[in-house]
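Student: Numbering (my numbering), first residue to last: 69 to 254.
What follows is a single structure, and I will ask about it in a moment.
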């Protein structure tokens with residue numbers, strides 16, 4: 069009789085370990101998919117920004133024909149992002165694009181007629197709204213990455229994570245040049 073009890077306890081323990089392992093694995097899959105989803109939310113907002121940029125550049129071109137260097141840097145930064153293939157490369161290219169857009173808006177300050185143009189004002193407003201959405205999406209992405217990375221590193225879920233080769237995700241971080249104050253000189 070005692071042999072059956074011991075066997076029953078062992079079977080229950082094995083079943084509990086299997087249920088825990090399956091549950092932990094599914095939670096890791098869920099978190100990894102949430103990270104990917106949040107990255108795609110950032111991507112959606114960045115694409116919205118990219119759709120606005122050509123219209124903004126065309127509007128500025130009409131007023132600031134001799135400012136081609138600034139306009140070209142915006143287009144170049146946009147193209148660099150589009151050709152980036154990894155989230156890390158996209159993060160870096162996004163920083164460059166933000167700097168170029170800041171210079172474009174600073175350039176508009178030198179042209180009162182451009183600042184008064186309703187099309188420019190509308191595009192600038194849309195871009196500003198989009199930048200806010202991008203910032204929110206980045207914050208939510210980083211929060212999701214934090215939960216995912218914690219789950220991968222914490223005991224006992226790290227056992228399942230290492231067993232099934234779950235890897236940490238990178239946070240969306242500003243690079244050193246983005247932390248500096250923007251200086252625009254004319």
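Positions of the beta carbon are idealized from the N, C-alpha and C atoms, including for glycine.
Computed from a predicted model, the values in this text were never measured in an experiment.
#1: Keeping to the same chain, check which residues put their C-beta closer than 6 Å to that of residue 188; ignore five residues upstream and five downstream.
#2: Let's test the definition: count the other Cβ atoms within 10 Å of the Cβ of residue 192 and tell me whether it reaches 16, buried, or not, exposed.
#3: Taking all protein chains shown into account, do 16 or more other C-beta atoms lie within 10 angstroms of the C-beta of residue 212, making it buried, or fewer, making it exposed?
#4: According to DSSP, is residue 188 helix, strand or coil?
#5: Around the Cβ of residue 103, are there at least 16 other Cβ atoms within 10 angstroms (buried) or fewer (exposed)?
#6: Whole angstroms is fine: what's the gap from residue 254's alpha carbon to residue 92's?
#7: Report, in whole angstroms, the separation of the C-beta atoms of residue 202 and residue 110, which I expect to be a contact under 8 Å.
#8: In whole angstroms, give me the CA-to-CA distance for residue 146 and residue 226.
#9: Does the distance from the C-beta atom of residue 156 to that of residue 238 stay below 8 Å?
Tutor: Reading off the structure:
#1: Position 120 of the chain shown, counted from the start, is the residue given in the question as residue 188. Counting only Cβ-Cβ distances below 6 Å, and skipping sequence neighbours, we find 127, 182.
#2: Residue mapping note: residue 192 aligns to position 124 of the chain shown, counting from 1. Classification of residue 192: buried, given that the 10 Å Cβ count is 16 or more.
#3: Working through the chain shown from its first residue, we reach residue 212 at position 144. Here residue 212 is buried, its C-beta having at least 16 other C-beta atoms within 10 Å.
#4: Locating residue 188 in the chain shown gives position 120, where the first residue counts as 1. Residue 188 falls in the helix class under three-state DSSP.
#5: Counting from one through the chain shown, the residue named residue 103 turns up at place 35. Looking at its Cβ environment, which holds 16 or more other Cβ atoms inside 10 Å, residue 103 is buried.
#6: As a position in the chain shown, residue 254 is number 186, starting the count at 1. As a position in the chain shown, residue 92 is number 24, starting the count at 1. The predicted position of residue 254 is uncertain, since its pLDDT is 35 and thus under 50; a value taken from the coordinates is nonetheless stated next. When rounded, the distance between both Cα atoms is 57 Å.
#7: Residue 202 sits at position 134 when you count from the first residue of the chain shown. Residue 110 sits at position 42 when you count from the first residue of the chain shown. Rounded, the Cβ-Cβ distance is 7 Å, consistent with contact.
#8: Here residue 146 corresponds to residue number 78 of the chain shown, with the count starting at 1. Here residue 226 corresponds to residue number 158 of the chain shown, with the count starting at 1. Those two C-alpha atoms are separated by around 39 Å.
#9: What you label residue 156 is simply residue 88 of the chain shown in a count that begins at 1. What you label residue 238 is simply residue 170 of the chain shown in a count that begins at 1. A contact, by the Cβ cut-off of 8 Å.
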